[in-house]
Amino acid sequence: MSDVSKQVGKQVGKQVVIAGAGMHPWGKWGRNFVEYGVHAARAALKDSGIAWSDVDFVVGGETVRNGYAGYVAGSTFASALGWNGARIATSYAACATGAQAIDAARMRILAGLSEVALVVGADTTPKGFLAPNAGERWDDPDWLRFRLLGMTNPAYFALYARRRMDLYGATSEDFAQVKVKNARHGLNNPYARFRKESSVEDVLASPVVSDPLHLLDICATSDGAAAVVLVSAEYARKHGLTDPVRVAAVSTVTPTFPNTVIDMPLLSTDSSAVTGLPERTFKEAIGQAAYEEAGIGPEDVDVAEVYDLSTALELDWIEDLQLCGRGEAEALLRAGDTTIGGRIPVNPSGGLACFGEAVPAQAIAQVCELTWQLRGQAEGRQVEGARVGITANQGLFGHGSSVILAR
Amino acid sequence: MTATPVIEGWFTTEAEPHLLASRCATCSNVVFPPVSTAAGAAAFFCRNPACDGDEYDAVELSRRGTVWSYTDAQYQPPAPYIAPTDPYEPFALAAVELPEGLVVLGQVAAGHGVDDLRVGAEVELVVETLNVDETGERTIYRWKPVTA
Ligand SMILES: [Zn+2]
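Those protein sequence lines, which keep their order, are chains A and B.
Heads up, the first sequence is in our numbering, so the first residue is 1 and it goes up one at a time.
Heads up, the second sequence is in our numbering, so the first residue is 1001 and it goes up one at a time.
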């Protein structure tokens, strides 16, 4: 056991253990989200060796695109698995939905109110740009950004990408190289939707969507599902789960005023005139809170799964998680440090580049991948000797999360 | 047929137009978009967490700022965006840092693209036609590169 594992393990009696992880392959299957969710849930239960009848708490990640069943996802999955009397909850936190669901399960277990919790996220997505809900809604920033500006999600990603170019000298080739790396990582991932190598030339030859980002720099939207089974440390001991992967931190902090980085779907930032600039940006704060909760630092991390909605955004996250200094992520990438086998592999799963985004499932999928990585079960994409992993994502309206797992 | 702002109370329309903001009467924190009944919000609650102000003054923001970042829309955005031309013509977008300490997103003035922009470059506010409907031209604020 490394020093880090000992440190993270200090509070082992109070920690929550990941007993099982399971997924439904990402794709464009066009079937009902419930089917994907139940598939992932059963896979996670099977992986854990725990019977469905032992689950006393189910948390579903809400999907806003699938009608009432999606709004009450916890109930929907519990019912589809066959009512077993478990308590239920449903979480919605945009891209951080899965992490908030995991946090709800963790809290009940830590409070001693539950022993075995099942967390499930699943989605069925439409084609093309994610558009706002129909109707005239002049008080809804998500509607206004389209009506007044024609501001799509990729356009926000492009603003961040362009800043890296003008401030740090990033190039379109650098961004393409992130895609090349992640495409290679995902080649052997049975859950990935896109399992095909990409070259820098492929990326640069794909049409520009929002300058400087090409089509292949931007992640697609997918159908998919992911699930984890969480248990108390005591339950794990009683059931012979030795040396399990533990949840060392779940950060779901919100921004601190003033939020000075323009965020989807807003048309402006807070003003920093009254208080000055904040100590950390929102994304930096998400990771920092996770490190503080786990009692470790970025130097202790072996592997990271970050939200690469665009190739350039992966570079932002590497810096936001303090895996290198501001403006240094391109150097890390060029040196091969973020490739499997490098100093700090990023997105060994293949990331959103290979999966496409299935919003309520994605943060759980990140946790599944790290679980397999820390167990040494990530066949064909294993980060050798990984003991500590971190996830990160950020979505609309002050939602974001970072989860640290340790073994 | 007259030209009317596509949204009420967000910007003025004189030759040298300004964005309109709400400034907290207690702590002076400025917010854009402003409190606007047309946009469904009549009440003001100061967003500075250290302030419980609920009264505001309508103020004009500086006309000039510097580019925080920029991009464009090579494909037609989905509704409720209304393309002013058929076939669709790409347009540029800029996030602009104002002296009041906030960044405001807007389209870039007609005839200007990403090649005319640079992080840190100076731009100024103009008002142009966003689309035309049964009432006439609907106008919107835009950022125009300042050529030295
Ligand atoms: Zn105030």
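Note that the Cβ used here is the ideal one computed from N, Cα and C, for glycine as well.
As the structure is a prediction and not an experimental result, all values here were calculated from the model.
Contact note: Gly398(A) does not reach chain B at a C-beta cutoff of 8 Å; the least C-beta distance is about 12 Å. At a cut-off of 8 Å between C-beta atoms, Arg246(A) does not count as an interface residue with respect to chain B. Here the C-alpha atom of Leu370(A) lies approximately 41 Å from the C-alpha atom of Cys1046(B). Nearest neighbour of Ser172(A) by Cα position, chosen from Ala406(A), Val180(A), Gly70(A) and Pro212(A), turns out to be Pro212(A).
Listed in chain order, the positions of the segment 170-190 of chain A with a beta carbon within less than 8 Å of a beta carbon of chain B would be empty, since no residue qualifies. Less than 8 Å divides the Cβ of Arg65(A) from the Cβ of Thr125(A).
When C-alpha distances from Gly22(A) are compared across Ala226(A), Ala94(A) and Ala111(A), the shortest belongs to Ala226(A). From the beta-carbon of Leu267(A), the residues of chain B found nearer than 9 Å are Phe1032, Pro1033, Val1104, Leu1105 and Gly1106. Taking all protein chains in view, the Cβ of Lys283(A) is crowded by 16 or more other Cβ atoms within 10 Å, so the residue is classified as buried. With a threshold of 7 Å, the Cβ atom of Gly276(A) does not count as near ligand 1, since no heavy atom of the ligand is closer than that. Residues of chain A with a Cβ closer than 7 Å to the Cβ of Thr1071(B) are, in chain order, Ala155, Ala158, Leu159, Arg162, Ser210 and Asp211. Going by DSSP, Thr371(A) is part of the alpha helix (DSSP H) stretching over Val359 to Arg375. Ala304(A) sits close to Ile390(A), with the two beta carbons spaced by under 8 Å.
Under the three-state reduction of DSSP, Gln394(A) is assigned to strand. When only Cα atoms are considered, Gln366(A) and Ala392(A) end up about 8 Å apart.
Interface residue (Cβ-Cβ distance to chain A less than 8 Å): Leu1093(B) is classified as such. Judged by DSSP in its simplified three-state form, Gly49(A) adopts coil rather than helix or strand.
Contact of Gly327(A) with chain B is not assigned, every C-beta pair being separated by 8 Å or more. Beta-bridge pairing by DSSP links Gln1107(B) to Leu1093(B) and Arg1142(B). Between the alpha carbons of Gly85(A) and Ser75(A) lies a distance of about 11 Å. With its beta carbon at least 8 Å from every one in chain B, Pro298(A) lies outside the interface. Beta-bridge partners of Phe355(A) (DSSP): none assigned. The Cβ atoms of Gly61(A) and Ile364(A) sit closer than 8 Å to each other.
Non-local beta-carbon contacts of Val1126(B) in its own chain, meaning distances under 8 Å to residues more than five positions away in sequence, involve Pro1017, Ala1109, Tyr1141, Arg1142, Trp1143 and Lys1144 in chain order. The contact set of Pro207(A) on chain B, defined by CB atoms closer than 9 Å, consists of Gln1074 and Tyr1075 in chain order. Taken through DSSP and simplified to helix, strand or coil, Ile218(A) comes out as strand. At least 8 Å separates the CB of Pro1087(B) from every CB of chain A. Setting aside the 5 residues that flank it on each side, Gln322(A) is surrounded in the same chain by Pro298, each with a C-beta closer than 6 Å to its C-beta; the list follows chain order. Counting only the Cα atoms, Ala155(A) lies some 11 Å from Phe146(A). Take the alpha-carbon of Met264(A) and the one of Glu1122(B): they are about 24 Å apart. Around the Cβ of Tyr235(A), a 10 Å sphere holds 16 or more other Cβ atoms; the residue is buried.
Within 7 Å of the C-beta of Thr97(A) there is not a single heavy atom belonging to ligand 1. Counting C-beta pairs closer than 8 Å gives fewer than three between the segment 256-272 of chain A and the segment 372-391 of chain A, which falls short of the contact rule. In the DSSP annotation of this structure, the continuous segment of the beta strand (DSSP E) that includes Asn1131(B) starts and ends at Glu1122 to Asp1133. The three-state secondary structure of Ala233(A), taken from DSSP, is helix. Contact check for Leu230(A) against His214(A) fails: the beta carbons are separated by 8 Å or more.
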